[in-house]
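Participant: In our numbering, the protein residues as written are 1 to 254. Where a beta carbon is used, it is the ideal one built from N, C-alpha and C, also for glycine.
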Ligand code: DBV
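1. Under the rule that 16 or more other beta-carbon atoms within 10 Å means buried, what is residue 216, buried or exposed?
2. With 16 other CB atoms within 10 Å as the buried threshold, where does residue 178 fall?
3. Starting from residue 210 and walking both ways along the alpha helix (DSSP H), at which residues does that stretch end?
4. May I have the straight-line CA-CA distance separating residue 95 from residue 101, to the nearest angstrom?
5. Would you report the Cα separation of residue 176 and residue 50, rounded to the nearest angstrom?
6. Can residue 151 and residue 107 be called in contact, C-beta distance under 8 Å?
7. Got a sec: does ligand 1 put a non-hydrogen atom nearer than 7 Å to the Cβ of residue 75?
8. Would you kindly work out how many angstroms separate the C-alpha atoms of residue 244 and residue 38, rounded to a whole number?
9. Hey, residue 111 and residue 204: beta-carbon distance below 8 Å or not?
10. Under 8 Å between C-beta atoms, does residue 204 make it to chain D?
11. Suppose the cutoff is 6 Å on Cβ atoms and the five residues either side in sequence are ignored; what does the same chain contact list for residue 77 look like?
12. Quick check for students: name the residue ranges of the beta strand (DSSP E) that lie wholly in the stretch 3-44, counting only runs of 3 or more.
13. Between which two residues does the alpha helix (DSSP H) containing residue 180 stretch?
14. Should residue 252 be labelled buried (16 or more other beta-carbon atoms within 10 Å of its own) or exposed?
15. On the DSSP bridge assignment, give the partners of residue 82 in chain order.
16. Specify the secondary structure class of residue 242 as computed by DSSP and reduced to three states.
17. Rounding to the nearest angstrom, what Cα-Cα distance links residue 138 and residue 10 in this structure?
18. Note the first and the last residue of the continuous alpha helix (DSSP H) segment covering residue 118.
19. Pick out whichever of 202, 165, 213, 105 has its Cα sitting closest to the Cα of residue 155.
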């Protein structure tokens, strides 16, 4: 079986290429591709994690982590991290196929959840799209209370049976396209902010990134495949790298 989420990542790459001036984002050595053997001795199979990243004006880092095995797991975790000099949310997609089914999380996640000037322009566009797709997908169930500050009202969250490829095709894929298109509209229209505003956005981005790094639901899986040292380095040095990127860009100042 080829990688289940290929169409999603290909679409994101082509829409971003068409709409933004993309440039390369360096992926630290050792994180581009990682392979391991998994499963019981009688049914050993290979699991590969591949990374992809770019940047663009108003986007500090857009990156994907792609987990691919012969059967499940198949994962696309795709996050667009805005430059904190722009009043933009994060784009977050967690598309996860496990033996027990698909788990789909899609959102334009707020940097400053309590700030209506940050959230209202996003919700205005997202609401109709969210309502259209939510009504066609089962609710994914409760998420941890502590995660609440990091999700918007437009959080699309569902679980689907592994064999329901029809819903992936007719609902999840077009929802992904709609969320991405709204995000790219916001990016294309964004104007830079400075001073206290960019400081507040940076602080909000740090809270979100620290939370995601600390609570990464993939930690267990990645640690089983690749060990703890590689997994922790990958989480902090690539998946949620705001802190390390900040430190290295500051040390580069004259
Ligand atoms: N999730 C990630 C990264 C992944 C990844 C970087 C590289 O953030 C995969 C891979 N997510 C992944 C896997 C699972 C989940 C689950 C493998 C299954 C874990 C398991 O069952 O072992 C949304 N993702 C989840 C869950 C949620 C999310 C709510 C269920 C957690 C659970 O049931 O315990 N997406 C996730 C999340 C945020 C987001 C927490 C933001 C705060 O955008």
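Facilitator: From the atom records:
1. Position 216 of the chain shown holds residue 216. Taking all protein chains in view, the Cβ of residue 216 is crowded by 16 or more other Cβ atoms within 10 Å, so the residue is classified as buried.
2. Within the chain shown, the letter at position 178 stands for residue 178. Counting Cβ neighbours within 10 Å, residue 178 comes out buried, since at least 16 surround it.
3. Along the chain shown, read from residue 1 onward, the residue named residue 210 stands at position 210. For residue 210, the uninterrupted alpha helix (DSSP H) segment begins and ends at 195-215.
4. Translated into the one-based positions of the chain shown, residue 95 becomes position 95. Translated into the one-based positions of the chain shown, residue 101 becomes position 101. Rounded to the nearest angstrom, the two C-alpha atoms are 11 Å apart.
5. Working through the chain shown from its first residue, we reach residue 176 at position 176. Working through the chain shown from its first residue, we reach residue 50 at position 50. The alpha-carbon atoms of residue 176 and residue 50 are separated by roughly 20 Å.
6. For the purposes of this step, residue 151 is identified with residue 151 of the chain shown, where counting begins at 1. For the purposes of this step, residue 107 is identified with residue 107 of the chain shown, where counting begins at 1. It is a contact, given that the beta carbons lie within the stated cut-off.
7. Counted from its first residue, the chain shown places residue 75 at position 75. Answer for residue 75: yes, Cβ within range of ligand 1.
8. Numbered from 1 along the chain shown, position 244 holds the residue referred to as residue 244. Numbered from 1 along the chain shown, position 38 holds the residue referred to as residue 38. When rounded, the distance between both Cα atoms is 31 Å.
9. On the chain shown, residue 111 is found 111 positions in, with the first residue counted as 1. On the chain shown, residue 204 is found 204 positions in, with the first residue counted as 1. In this structure, residue 204 lies closer than 8 Å to residue 111 by Cβ.
10. Of the protein chains in this structure there is only one, and it is not chain D.
11. Sequence index remark: in the chain shown, residue 77 carries index 77 (1-based). So the qualifying residues of the chain are 65, 94.
12. Here the runs fully enclosed are 33-38.
13. Numbered from its first residue, the chain shown carries residue 180 at position 180. Taken as a continuous stretch (DSSP letters only), the alpha helix (DSSP H) holding residue 180 covers 173-189.
14. Translated into the one-based positions of the chain shown, residue 252 becomes position 252. Only weak support is given to the placement of residue 252: the predicted model assigns it a pLDDT of 40, under 50, and the question is left unresolved by the model.
15. Locating residue 82 in the chain shown gives position 82, counting from the first residue. In the DSSP secondary-structure assignment, residue 82 is bridged to 59.
16. Position 242 of the chain shown, counted from the first residue, corresponds to residue 242. Of the three classes helix, strand and coil, the one that applies to residue 242 here is helix, per DSSP.
17. Here residue 138 corresponds to residue number 138 of the chain shown, with the count starting at 1. Here residue 10 corresponds to residue number 10 of the chain shown, with the count starting at 1. Residue 138 and residue 10: Cα-Cα distance of roughly 26 Å.
18. Residue numbering aside, residue 118 sits at position 118 when the chain shown is read from its first letter. Where residue 118 is concerned, the enclosing alpha helix (DSSP H) starts and stops at 116-134.
19. Here the question's residue 155 lines up with position 155 in the chain shown. Of the listed residues, the one whose Cα sits closest to residue 155 is 105.
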